[in-house]
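Remarks on the structure that follows.
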Amino acid sequence: MNAIAPHLTETDRLRLAPGVMLRNDRRREQWMLMGPERLLVLDEMALAIVRACVGPEIADVAAGIDRLTVEYDAPRTEVAADVLEMLTDLRNKGYVIT
Amino acid sequence: MNCALPAFAAASNAEPAPPFAVLMELTHRCPLRCPYCSNPVALDPASAELDTATWKRVLDEAADVGALQVHFSGGEPCVRKDLEELVAHATEIGLYSNLITSAVLLDQPRLERLQRAGLQHVQISLQDAEAAGADRVGGFKGGHAKKLEVARAVVRQGLALTINAVLHRHNIDRVNDVIDLAMDLGAGRIEIANVQYYGWALANRAALMPSRDQLLAMDAAVRARLPELAGRIVVDYVVPDYYARRPKSCMGGWARRFMNVNPRGRVLPCHAAETIPGMEFETVHDRSLSEIWRDGPAFTRYRGTDWMPEPCQSCDHKEEDWGGCRCQALALAGSADATDPVCELSPAHADVAVLRDRDAAALGTEWTYRGA
Numbered sequence: 001m002n003a004i005a006p007h008l009t010e011t012d013r014l015r016l017a018p019g020v021m022l023r024n025d026r027r028r029e030q031w032m033l034m035g036p037e038r039l040l041v042l043d044e045m046a047l048a049i050v051r052a053c054v055g056p057e058i059a060d061v062a063a064g065i066d067r068l069t070v071e072y073d074a075p076r077t078e079v080a081a082d083v084l085e086m087l088t089d090l091r092n093k094g095y096v097i098t
Numbered sequence: 001m002n003c004a005l006p007a008f009a010a011a012s013n014a015e016p017a018p019p020f021a022v023l024m025e026l027t028h029r030c031p032l033r034c035p036y037c038s039n040p041v042a043l044d045p046a047s048a049e050l051d052t053a054t055w056k057r058v059l060d061e062a063a064d065v066g067a068l069q070v071h072f073s074g075g076e077p078c079v080r081k082d083l084e085e086l087v088a089h090a091t092e093i094g095l096y097s098n099l100i101t102s103a104v105l106l107d108q109p110r111l112e113r114l115q116r117a118g119l120q121h122v123q124i125s126l127q128d129a130e131a132a133g134a135d136r137v138g139g140f141k142g143g144h145a146k147k148l149e150v151a152r153a154v155v156r157q158g159l160a161l162t163i164n165a166v167l168h169r170h171n172i173d174r175v176n177d178v179i180d181l182a183m184d185l186g187a188g189r190i191e192i193a194n195v196q197y198y199g200w201a202l203a204n205r206a207a208l209m210p211s212r213d214q215l216l217a218m219d220a221a222v223r224a225r226l227p228e229l230a231g232r233i234v235v236d237y238v239v240p241d242y243y244a245r246r247p248k249s250c251m252g253g254w255a256r257r258f259m260n261v262n263p264r265g266r267v268l269p270c271h272a273a274e275t276i277p278g279m280e281f282e283t284v285h286d287r288s289l290s291e292i293w294r295d296g297p298a299f300t301r302y303r304g305t306d307w308m309p310e311p312c313q314s315c316d317h318k319e320e321d322w323g324g325c326r327c328q329a330l331a332l333a334g335s336a337d338a339t340d341p342v343c344e345l346s347p348a349h350a351d352v353a354v355l356r357d358r359d360a361a362a363l364g365t366e367w368t369y370r371g372a
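As given, the protein sequences belong to chains A and B, one line each in that order. Here the first sequence stands for residues 1 to 98, where the numbers follow this note's numbering. Here the second sequence stands for residues 1 to 372, where the numbers follow this note's numbering.
See the structure below:
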């Protein structure tokens, strides 16, 4: 049995993968991650997570979770679980890299 | 075409949702001669190609119709000296540029110019995991080594790299080596592209069709590795048509996500659509891409589900696979209006297995190289 790709953790630092950019499409009034021959439409929550947790200026995923915990006034353990699950999915789809 | 893209909204007959991307086949010229080339058997000559100014206007119209990405393709798009100029224009008007290339005409200085023009992503085809087999299939000595060199330059420059690995009887046993090679090159994505039998590939089917045993071994190898590859490289993989039980969602549905403009400016719902008799195609000289997308006869012909025969019409999957592939229905069932025979519910499905097994057993069949 092969090893399953590891779940991201709070100490990971994330950036957008090569060729991936955050874009707002005015015609469709949608935020999206645009990447090689593909795109992912982001809902409000996904956009907030990407903005808080992905980019060279962000210390690590934990810092993003802290910020979202305050912004959304939610229990940190719940925020952390949701955020790590979504970011791991984005990593597995090739939109973000460590 | 395999794609993992969302549709933006349900298309209505009155006003379809805009396309995601426009594929621009800048030329049919190519230094390689792969016998599975998806270009039509009747290739457009260089003299028929649209000029730079017209391609720029087509790019403007692609942005106007609401496309977000452009795929510069061919043939080999790098034979066009104006590629940098076209990429720069696409960037200027907000389109995301992908380059679909054999890479044999690229070098680092040109890659740097393309990147400065705004290119984001390079997709390089590989003919095999090792040079002898690859160069034999491509009919181009030294091609494989050149591709690897360019692929490394793409990654070094920080551009996204996709490896498109085309599999058939002669290389399918090396699928693991191809995946390893893509990882070693630093690709973000690999398309495990079993040959699709259109154009030149259809003519060469008996020389390319893998056996059932080969197919099963490849499928098992890929599936066994998927968990290990998750998070390291994106794998695009679908079971090849002739061994599948359900049809692929070809082009993400006819006239739902893509437009294709061929070298002479003909506007097509897919690159093989010209094989369908009785279709009426407009060119970029006739009407704008927006008008053609909205109500061009070739685009409305199989858009949505109204055209579907039974058993498609009452099928739960009709808005997942959109009826499969029209060109394949033509090639295998004799009519583009028929249910895609790849589907096990098609009355012609059994015929596909017969053709497949006959061609897979035709070992020793020589292929015909793609013409110039």
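C-beta atoms are modelled at their ideal positions from N, C-alpha and C, and glycine is treated no differently.
Cα-Cα separation, residue i to residue j
| i | j | result |
| --- | --- | --- |
| A/ILE97 | B/LYS146 | 28 Å |
| B/HIS317 | B/LEU216 | 25 Å |
| B/ASN2 | B/TYR198 | For B/ASN2, the pLDDT reaches just 36, beneath the cut-off of 50, and the residue's location in the model is therefore unreliable, leaving the point undetermined. |
| A/ILE49 | B/ALA230 | 21 Å |
| B/CYS270 | A/LEU39 | 20 Å |
| B/ILE276 | B/ALA336 | 7 Å |
| B/ALA62 | A/THR11 | 42 Å |
| B/ASP128 | A/GLY64 | 43 Å |
| B/ARG212 | B/ALA203 | 20 Å |
| B/TRP371 | A/ALA62 | The sequence shown places Gly at residue 371 of chain B, not Trp. Taking the straight line joining both Cα atoms gives about 57 Å. |
| B/PRO109 | B/LEU83 | 14 Å |
| B/SER125 | B/THR101 | 7 Å |
| B/LEU119 | B/ALA88 | 8 Å |
| B/THR339 | B/VAL41 | 25 Å |
| B/HIS121 | B/ALA329 | 33 Å |
| B/ASP241 | B/LEU363 | 20 Å |
| B/ARG358 | B/GLU280 | 34 Å |
| B/VAL166 | A/ASP73 | 51 Å |
| B/LYS81 | A/VAL79 | 52 Å |
| B/TRP293 | A/VAL70 | 46 Å |
| B/SER288 | A/MET32 | 27 Å |
| A/ALA3 | B/ALA221 | Only weak support exists for where A/ALA3 lies, its pLDDT of 48 falling under 50; the value from the coordinates is given anyway. Taking the straight line joining both Cα atoms gives about 15 Å. |
| B/SER47 | B/GLY75 | 14 Å |
| B/ARG301 | A/ALA59 | 53 Å |
| B/VAL22 | B/ALA272 | 15 Å |
Counted within 10 angstroms of its Cβ, other Cβ atoms place residue i as buried (16 or more) or exposed
| i | result |
| --- | --- |
| B/VAL352 | buried |
| B/ARG116 | exposed |
| B/GLN313 | exposed |
| A/HIS7 | exposed |
| A/ARG76 | exposed |
| A/MET45 | exposed |
| B/ALA4 | In this prediction, B/ALA4 scores a pLDDT of 42, lower than 50, which makes its location untrustworthy; the coordinate-derived value is nonetheless stated afterwards. Exposed is the call here. |
| B/ASN171 | buried |
| A/VAL20 | buried |
| B/LEU226 | exposed |
| B/PRO77 | buried |
| B/LYS56 | buried |
| B/ILE192 | buried |
| B/VAL354 | exposed |
| B/ILE163 | buried |
| B/ASP135 | buried |
| B/HIS71 | buried |
| B/LYS141 | exposed |
| A/LEU90 | buried |
| B/GLU15 | exposed |
| B/ASP286 | exposed |
Residue i Cβ short of 7 Å to the ligand SAM heavy atom set
| i | result |
| --- | --- |
| B/GLU274 | Among the components modelled here there is no ligand, and therefore nothing to report on the ligand SAM. |
Strand pairing of residue i, partner residues [DSSP]
| i | result |
| --- | --- |
| A/ILE58 | In the DSSP output, where bridge partners are listed per residue, A/ILE58 has none listed. |
| B/SER97 | B/VAL70 |
| B/MET259 | B/VAL22 |
| B/TYR237 | B/ILE192 |
| B/LEU268 | B/ASN260 |
| A/VAL96 | A/LEU16 |
| B/THR283 | B/ARG266 |
Open item on the list: What are the residues in the segment 28-42 of chain A lying within 9 Å of chain B by C-beta distance?
Closed with: Taking 9 Å as the Cβ-Cβ cut-off, the segment 28-42 of chain A approaches chain B at ARG28, GLN30, MET32, MET34, GLY35, PRO36, GLU37, ARG38, LEU39, LEU40, VAL41, given in chain order.
Task: Contiguous beta strand (DSSP E) assignments of at least 3 residues, all confined to the segment 5-53 of chain A - done: Entirely contained in the segment 5-53 of chain A, the beta strand (DSSP E) runs reaching 3 residues are, in chain order, 21-25, 30-35, 38-42.
Task: chain A contacts from the segment 152-180 of chain B (Cβ-Cβ distance under 7 Å) - done: Correct list: GLY158, LEU159, ALA160, THR162.
Open item on the list: Tell me which residues of the segment 83-94 of chain A have at least one Cβ-Cβ distance to chain B shorter than 8 Å, keeping chain order.
Closed with: The residues in question are THR88, ARG91, ASN92, LYS93, GLY94.
Task: Proximal residues, the segment 65-93 of chain B versus chain A, C-beta separation under 9 Å - done: From the segment 65-93 of chain B, only GLY66, LEU68, GLN69, HIS71 have a Cβ closer than 9 Å to chain A.
- [ ] Report the residue ranges of all beta strand (DSSP E) runs contained in full by the segment 296-370 of chain B; include only those spanning at least 3 residues, in chain order.
- [x] Runs found: none.
Open item on the list: By the 7 Å beta-carbon criterion, what residues does the segment 187-218 of chain B contribute toward chain A?
Closed with: Sequence-ordered contacts of the segment 187-218 of chain B with chain A read GLY188, ARG189 [C-beta pairs closer than 7 Å].
- [ ] Pull out every residue of the segment 55-78 of chain A whose Cβ sits closer than 7 Å to any Cβ of chain B, in chain order.
- [x] Listed by position, the residues of the segment 55-78 of chain A near chain B (Cβ gap below 7 Å) amount to none.
- [ ] Report the residues of the segment 117-141 of chain B with a CB closer than 8 Å to any CB of chain A, ordered along the chain.
- [x] Answer in chain order: GLN120, HIS121, GLN123.
Task: Segments assigned alpha helix (DSSP H), at least 4 residues, entirely inside the segment 106-173 of chain B - done: As far as the segment 106-173 of chain B is concerned, its whole alpha helix (DSSP H) runs of at least 4 residues are 108-116, 131-138, 143-156.
Open item on the list: Short of 9 Å Cβ to Cβ, which residues in the segment 15-28 of chain A face chain B?
Closed with: Within the segment 15-28 of chain A, the qualifying residues are ALA17, PRO18, GLY19, VAL20, MET21, ARG23, ASP25, ARG27, ARG28.
Task: In chain order, each beta strand (DSSP E) run of at least 3 residues that lies wholly inside the segment 194-230 of chain B - done: Those beta strand (DSSP E) runs which fall completely within the segment 194-230 of chain B and span 3+ residues do not exist here.
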